[in-house]
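Asks: This structure is in structure tokens; I'll ask about it shortly.
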Amino acid sequence: MAANRGMVAGSHNRNEFVMIRNDGDAPAPGKEVKGTVGQACQICGDTVGVSATGDVFVACNECAFPVCRPCYEYERKDGVKCCPQCKTRYKRLKGSPRVPGDEEEEDVDDLDNEFNYKQGNGKGPEWQGEDIDLSSSSRHEPHHRIPRLTSGQQMSGEIPDASPDRHSIRSPTSSYVDPSVPVPVRIVDPSKDLNSYGLNSVDWKERVESWRVKQDKNMMQVTNKYPDARGGGGDMEGTGSNGEDMQMVDDARLPLSRIVPIPANQLNLYRIVIILRLIILCFFFQYRVSHPVRDAYGLWLVSVICEIWFALSWLLDQFPKWYPINRETYLDRLALRYDREGEPSQLCPIDIFVSTVDPLKEPPLITANTVLSILAVDYPVDKVSCYVSDDGSAMLTFESLSETAEFARKWVPFCKKHNIEPRAPEFYFQQKIDYLKDKIQPSFVKERRAMKREYEEFKIRINALVAKAQKVPEEGWTMADGTAWPGNNPRDHPGMIQVFLGHSGGLDTDGNELPRLVYVSREKRPGFQHHKKAGAMNALIRVSAVLTNGAYLLNVDCDHYFNSSKALREAMCFMMDPALGRKTCYVQFPQRFDGIDLHDRYANRNIVFFDINMKGLDGIQGPMYVGTGCCFNRQALYGYDPVLTEADLEPNIVVKSCCGGRKKKSKSYMDNKNRMMKRTESSAPIFNMEDIEEGIG
């Protein structure tokens with residue numbers, strides 16, 4: 001090929017394929033190549049070009065989406081390997097190198113180009129045509145994804161008839177640079193606008209930056225959220241505002257939580273005391289064993305056994321206290337990764353279970369405060385669902401929950417507007433603090449007084465319902481339409497489900513949606529074991545799987561409210577962590593009680609359990625489940641049936657008759673096998689945590 005044949009250029013602004021030449025015998029610029037009119041690459045803007053046979057190049061045989069050969073090669077090597085329009089995987093065309101995933105071919109007429117990436121035969125790709133100048137020395141330069149301009153001099157290689165006042169643009173014709181293959185260099189006329197060549201445009205920069213983003217699969221969606229990082233007028237070198245966005249992307253890659261060990265100077269003294277006690281205990285047992293009581297040998301032996309048992313229990317109690325740890329979460333990283341402002345939230349939905357039994361022993365006002373603290377939580381409203389389990393099927397609980405739903409329309413927007421903590425109204429208005437601290441809105445005092453008045457009226461209505469429930473009618477309770485209440489018999493009644501709030505329900509006073517609030521009373525029949533709270537939890541899991549099917553579950557007792565509106569986000573820092581999320585079964589929150597007498601010497605057992613024992617267990621293998629305040633992974637609660645061996649499938653027959661024993665065994669074997677197959681075919685939905693992580697990552 002002659003080096004003075006010029007170059008080929010194209011533009012998405014002009015539907016033409018231009019050959020630029022420097023010699024005087026060249027045809028007039030602007031002459032269109034046959035078959036290329038109207039075929040502009042929809043990725044980079046250049047013309048599609050022609051194939052080795054002279055026809056218009058077609059990358060996708062399914063939809064014929066116009067894509068040029070360089071973009072086709074790049075997509076196959078480093079891109080998604082699929083057509084942007086029909087999503088069909090690109091097949092290897094003649095003259096293209098093979099990439100992983102290509103189908104096996106029986107033809108042997110294109111072996112040189114098929115394994116071009118691996119062997120490199122020193123020849124340029126045939127599809128570049130004879131009108132493209134190939135530089136022999138430009139192959140030694142590093143390959144850049146972003147086209148760059150070199151002003152006033154040639155970029156590399158020997159280009160005859162190219163004057164020094166011209167610019168040269170290095171064109172990335174493929175994603176892989178073989179040292180033995182020369183790299184094409186385009187000569188650009190400086191008197192023309194670069195946009196006429198399809199370069200230096202916004203579309204081209206966006207495409208180049210999207211290629212860069214695809215290299216980091218785990219952070220693909222996070223990086224795509226920053227418009228400045230795509231090159232739309234942004235800083236392509238990572239400085240300025242674009243550099244700040246890239247720093248935010250780096251922060252989003254960091255872990256969402258960390259372990260904070262207790263300082264050694266606070267633990268060493270206690271550890272020394274444990275070791276000293278253990279040494280003294282060993283000397284004590286050595287003395288007890290070496291000095292038996294001859295006159296009462298049996299009593300001595302029993303006392304030694306009891307002392308060994310108490311020593312063992314003491315030793316087991318010291319293990320959790322040996323290495324306690326604290327955990328710290330990063331809510332800002334969680335928001336940066338999954339809940340960026342102005343974009344749809346990618347936080348996982350959570351179903352919250354509130355369990356209650358007898359409204360006369362568990363006051364409905366306390367249950368209402370727990371529900372209100374859940375509805376006002378700092379979490380996307382479309383991803384929070386509150387299920388109240390009434391295991392006593394009491395009409396008082398149903399009516400009080402209806403009143404709570406009405407009051408929540410006013411309480412929830414008030415809490416979110418003024419950032420109220422805690423968001424249980426009974427405990428918020430009882431606080432002896434300066435409620436004007438950090439409140440800068442002038443309307444806060446007026447709105448707080450009005451809200452307190454509304455809450456006092458709400459309490460009056462709840463107390464009136466409680467007073468009414470003291471006298472049960474002989475014929476049982478009746479609803480507003482005159483029909484009998486289905487739960488008049490708490491031990492024999494059908495299942496009841498009532499949705500009070502939700503996406504299709506009423507809105508709050510500001511016109512915004514509220515979290516879903518559902519009343520559930522499971523079916524009960526005489527003669528069946530209902531397993532109390534555990535059975536109620538199982539019923540809530542089944543009901544929530546049909547209605548909302550949240551990826552995570554959190555259960556609380558009716559008298560445990562949320563003292564922090566960001567509790568759910570704290571739990572998601574562990575559940576949705578890319579490194580720890582797949583291994584985390586549940587997150588246990590500690591409990592705190594209000595109104596405890598500080599002078600009571602026995603009131604500190606709760607503090608010792610949660611602040612010492614539970615933190616120590618967390619340092620060993622993880623805390624235990626205490627029955628409330630725990631966020632579960634739904635998949636972990638579903639579980640799987642155990643794998644049965646051949647020995648388990650053998651019929652349990654001790655004595656077998658000689659006649660027909662083999663038939664009975666065969667029949668029983670098949671029955672057990674069929675029973676096992678039915679057990680293993682579980683209808684419960686199973687989540688794939690890898691898909692969840694990729695979808696939200």
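In terms of the UniProt record's numbering, the sequence shown has 19 at position 19, counting the first letter as 1, and numbering is strictly consecutive. C-beta atoms are modelled at their ideal positions from N, C-alpha and C, and glycine is treated no differently.
1) Tell me whether Val108 sits in a helix, a strand or coil according to DSSP, three-state version.
2) Let me know if Glu474 comes out buried or exposed under the rule of 16 or more other beta-carbons within 10 Å of its beta-carbon.
3) Among Leu312, Gly535, Trp411, Leu360, which has the Cα closest to the Cα of Ala469?
4) Provide the residue(s) that pair with Met496 in DSSP beta bridges, ordered along the chain.
5) Does DSSP put Ala296 in a helix, in a strand, or in coil?
6) Could you pull the start and end residues of the alpha helix (DSSP H) that Leu396 belongs to?
7) Just to confirm my understanding: we take Trp477, look at its own chain, exclude 5 residues before and 5 after, and list those with CB closer than 7 Å. What are they?
8) Is the CB-CB distance between Tyr323 and Leu256 below 7 Å?
9) Run the CB neighbour count on Gln588, radius 10 Å, all protein chains shown included, and call it buried at 16 or more, exposed below.
10) Excluding the 5 residues preceding and the 5 following Leu617 in the sequence, name in chain order all residues of the same chain whose CB lies nearer than 6 Å to its CB.
11) Is DSSP giving Cys573 helix, strand or coil here?
12) Rounded to whole angstroms, what is the Cα-Cα separation between Ala296 and Phe285?
13) At what residues does the beta strand (DSSP E) containing Cys386 begin and finish?
14) Per the contact definition of three or more C-beta pairs closer than 8 Å, is the segment 523–535 in contact with the segment 568–580?
15) Identify the residues that DSSP records as bridge partners of Phe353: which are they?
16) Taking Asp99 as the reference, give the member of Lys87, Asn606, Tyr72 with the closest Cα.
17) According to DSSP, what are the bridge partners of Gln635?
18) Among residues of its own chain, excluding the 5 on either side of Ala311, which ones have a beta-carbon nearer than 7 Å to its beta-carbon?
19) Using DSSP's beta-bridge definition, name the partner residues of Gln318.
20) Which value, in whole angstroms, describes the spacing of the CA atoms of Gln85 and Leu580?
21) If you pair each beta-carbon of the segment 351–371 with each one of the segment 431–445, do three or more pairs fall below 8 Å?
22) Which term fits Val556, buried or exposed, when burial requires 16 or more other beta carbons within 10 angstroms of its beta carbon?
23) Buried or exposed: which applies to Gln39, given that a residue is buried once 16 or more other Cβ atoms fall within 10 Å of its Cβ?
24) Mind the definition here: the segment 542–562 touches the segment 325–343 only if three or more C-beta pairs lie below 8 Å; say whether that holds.
25) Who are the Cβ neighbours of Lys416 in its own chain at under 8 Å, not counting the five residues just before and after it?
26) With DSSP as the reference, please indicate the residues paired to Pro380 in a beta bridge.
27) With 16 as the cutoff for other CB atoms within 10 Å, does Phe562 come out buried or exposed?
28) In the DSSP assignment, find the unbroken alpha helix (DSSP H) run with Gln286 in it and report its ends.
29) Using 8 Å for Cβ pairs, my map puts Cys83 next to Cys68. What's the rounded Cβ distance?
30) Within 10 Å of its beta-carbon, does Gly639 have 16 or more other beta-carbons around it, so buried, or fewer, so exposed?
31) What are the boundary residues of the beta strand (DSSP E) that includes Thr88?
32) Is the CB-CB distance between Leu517 and Cys348 below 7 Å?
33) Going residue by residue through the segment 439–484, where are the continuous alpha helix (DSSP H) segments of at least 4 residues, counting only ones entirely within it?
34) Taking the alpha-carbon positions, what's the Val543 to Ile462 distance?
Replies: Here's the rundown:
1) With a pLDDT of only 49 at Val108, under 50, the local geometry of the prediction cannot be trusted, and no value is derived from it.
2) The residue in question, Glu474, is exposed, as its Cβ has fewer than 16 Cβ neighbours within 10 Å.
3) Of the residues Leu312, Gly535, Trp411, Leu360, the one whose Cα lies closest to the Cα of Ala469 is Leu360.
4) Within the DSSP bridge table, the entry for Met496 names Ser521 as partners.
5) The answer is coil: DSSP assigns Ala296 none of H, G, I, E or B.
6) For Leu396, the enclosing alpha helix (DSSP H) starts and ends at 395–418.
7) Excluding sequence positions up to five before and after Trp477, its CB lies within less than 7 Å of the CB of Met395, Trp485, Asn488, all in the same chain and listed in chain order.
8) No. Outside cutoff.
9) Label assigned to Gln588: buried.
10) So the list reads Pro320, Pro623, once near-sequence residues are dropped.
11) Helix.
12) Each residue's Cα considered, the two are about 18 Å apart.
13) If you look at Cys386, you'll find it in the beta strand (DSSP E) that goes 384–390.
14) No, the segment 568–580 does not touch the segment 523–535.
15) Tyr387, Asn555, per the DSSP bridge assignment.
16) Note that residue 99 is Val in the sequence shown, not Asp. The residue with the shortest Cα to Cα distance from Val99 is Tyr72.
17) In the DSSP output, where bridge partners are listed per residue, Gln635 has none listed.
18) Excluding five sequence positions before and after Ala311, the CB atoms of its chain that fall closer than 7 Å to its own CB belong to Leu281, given in chain order.
19) According to DSSP, Gln318 bridges with nothing at all.
20) Within the model, the alpha-carbon separation for Gln85 versus Leu580 is close to 37 Å.
21) These segments do not touch.
22) Residue environment: Val556 is assigned as buried (16 or more neighbouring CB atoms within 10 Å of its CB, all protein chains considered).
23) Counting Cβ neighbours within 10 Å, Gln39 comes out buried, since at least 16 surround it.
24) These segments do not touch.
25) Excluding sequence neighbours, Lys416 sits near Ala376, Asp378.
26) According to DSSP, Pro380 bridges with nothing at all.
27) That one is buried.
28) Residues 264–290.
29) The beta carbons of Cys83 and Cys68 sit about 13 Å from each other, so the pair does not count as a contact at 8 Å.
30) Flag for Gly639 reads exposed.
31) DSSP places Thr88 in no beta strand (DSSP E); its state is neither H nor E.
32) Their beta carbons are not under 7 Å apart, which means Leu517 does not touch Cys348 by this criterion.
33) Positions of the alpha helix (DSSP H) runs, each at least 4 residues long and wholly inside the segment 439–484, are given as 444–469 in order along the chain.
34) As the crow flies, the alpha-carbon of Val543 is around 27 Å from that of Ile462.
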